[in-house]
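Okay, so here's the structure we're looking at.
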Amino acid sequence: MPYSIAVGLGMTDFTPTCISLILADRSVRIPEGLLDDVPVRIGECMIPTDFIILKYNVEPKDPLILGRHFLATAGALIDLKGGKISLTVGNLVMNFDMDELVKLPTIDGHTYYVDTLNDIVAGYVTMLDANISPELCMHRIHLEDETKSSIEHQRRLNLNLKEVVKKEIMKLLEAGIIYPISDSDWVSPVHVVPKKGGVTVIKNEKNELIPMRTVTGHRMCIDYRKLNAATRNNHFPLPFIDQMLERLANHSYYCFLDGYSGFFQIPIHPEDQEKTTFTCPYGTFAYRRMLFWIM
Numbered sequence: 001m002p003y004s005i006a007v008g009l010g011m012t013d014f015t016p017t018c019i020s021l022i023l024a025d026r027s028v029r030i031p032e033g034l035l036d037d038v039p040v041r042i043g044e045c046m047i048p049t050d051f052i053i054l055k056y057n058v059e060p061k062d063p064l065i066l067g068r069h070f071l072a073t074a075g076a077l078i079d080l081k082g083g084k085i086s087l088t089v090g091n092l093v094m095n096f097d098m099d100e101l102v103k104l105p106t107i108d109g110h111t112y113y114v115d116t117l118n119d120i121v122a123g124y125v126t127m128l129d130a131n132i133s134p135e136l137c138m139h140r141i142h143l144e145d146e147t148k149s150s151i152e153h154q155r156r157l158n159l160n161l162k163e164v165v166k167k168e169i170m171k172l173l174e175a176g177i178i179y180p181i182s183d184s185d186w187v188s189p190v191h192v193v194p195k196k197g198g199v200t201v202i203k204n205e206k207n208e209l210i211p212m213r214t215v216t217g218h219r220m221c222i223d224y225r226k227l228n229a230a231t232r233n234n235h236f237p238l239p240f241i242d243q244m245l246e247r248l249a250n251h252s253y254y255c256f257l258d259g260y261s262g263f264f265q266i267p268i269h270p271e272d273q274e275k276t277t278f279t280c281p282y283g284t285f286a287y288r289r290m291l292f293w294i295m
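Position 34, counted from 1, in the sequence shown is what full-length UniProt numbering calls 34; the numbers after and before it change by one each time, with no gaps.
Structure representation (structure tokens):
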């Protein structure tokens, strides 16, 4: 609980504590003390809980953090897979659907931040405008001196995996990302790898429970190991992971790019496109745009 909230509630009789807290930005903070058995209203029920009092800038949308003590007192059962939380106090059972709760504002009268997301995205649609010259950012594949080219044969695939490759080839052709090519000094083979899903438990021949990952589908990949081994490395500084995490501190929302939309945006220089040539049961093709497996 923020110190300012505790003072505003008239609760200043803190219990001394030796606890130290390490925050997300790796800073160490010493609490002002503890508040014991503070009543917290959940629905029609009052649940006593303990709070650590800390001086920090209060976020209006999330002024309090309810921790393990509250969850234990409230008899919380958390279903991470189903996104459900149930609280049991005496004979009263309260069920919460987290997928529905996150769609609602945390404080009445405040605009929910996600409502502006589409407007923000719309302001950047011109970043990928077709009128922007591709020469502003074009990928080059520079090979090491005296590198020998490599032409590999296609790998055997069963009927099911051939269908996976066929669908991916058709999708890439329709999007204009690849094109048929008849001859190249560099030809790489296609692989099909399983998409891993969740974890399930099965019994082996000894009746032991063994955790296994489920397979939700298959993904077409291209084995560019020989091309990458011959490619000259780009020498530019990479940020340290702890520095990147520090930049993420104190933000309320995070997002990620879908892999398919995130790649295939940077054009490959016409002189280097044939180096991306790959072979499969449906022909030989090369990429026009930067893909995941290329260095």
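By construction, the Cβ of each residue, glycine as well, lies at the ideal position given by its N, Cα and C atoms.
Which residues in the same chain have their Cβ closer than 8 Å to the Cβ of residue i, if we skip the five residues on either side of it in sequence?
i      : result
Ile210 : Val201, Ile202, Lys203 and Asn204
Gly176 : Arg288
Thr15  : Gly33, Leu34, Leu35 and Asp36
How should residue i be labelled, buried or exposed, when 16 other C-beta atoms within 10 angstroms of its C-beta is the threshold for buried?
i      : result
Pro2   : buried
Pro180 : exposed
Ala24  : exposed
Thr276 : buried
Phe285 : buried
Gln273 : buried
DSSP state of residue i, grouped into three classes?
i           : result
Asn95       : strand
residue 296 : Given a span of 1 to 295 for the chain in the structure shown, any question on residue 296 remains unanswerable.
Lys84       : strand
Asp223      : coil
Ile169      : helix
Pro134      : helix
With distances taken between CB atoms, is the gap from residue i to residue j smaller than 8 Å?
i      : j      : result
Ile42  : Leu87  : yes
Val187 : Phe278 : yes
Leu227 : Phe263 : no
Ile178 : Tyr287 : yes
Met98  : Lys84  : yes
Val165 : Lys196 : no
Going straight from the alpha carbon of residue i to that of residue j, what length do you get?
i           : j      : result
Glu168      : Ile151 : 22 Å
Tyr224      : Thr231 : 10 Å
Ile19       : Leu80  : 29 Å
Val38       : Ala76  : 18 Å
Leu143      : His269 : 14 Å
Pro194      : Met220 : 9 Å
Asn234      : Glu271 : 18 Å
Leu245      : Ile65  : 22 Å
residue 326 : Ser27  : In this structure the chain extends from 1 to 295, so residue 326 is not present and cannot be described.
Thr73       : Met46  : 11 Å
Leu172      : Gly67  : 48 Å
Looking only at its chain, what residues have a beta carbon closer than 7 Å to the beta carbon of residue i, apart from the 5 residues adjacent to it on each side?
i      : result
Val114 : Caution is warranted here: a pLDDT of 49 is assigned to Val114, below 50, making its placement in the model unreliable, and the coordinate value is therefore given only provisionally. Excluding sequence neighbours, Val114 sits near nothing in its chain.
Lys162 : Pro281
Pro31  : Thr17, Ile19, Leu21, Ile52, Ile53 and Leu54
Tyr56  : Pro2
Pro134 : Pro267
His69  : Thr49 and Asp50
For residue i, I'd like the list of residues in its chain whose CB is within less than 6 Å of its CB, leaving aside the five on either flank, ordered along the chain.
i      : result
Ala6   : Ile53
His110 : Its pLDDT being 47, under 50, His110 is placed unreliably in this model, and the value from its coordinates should be taken loosely. Excluding sequence neighbours, His110 sits near nothing in its chain.
His139 : Ile266, Ile268 and Met290
Thr12  : none
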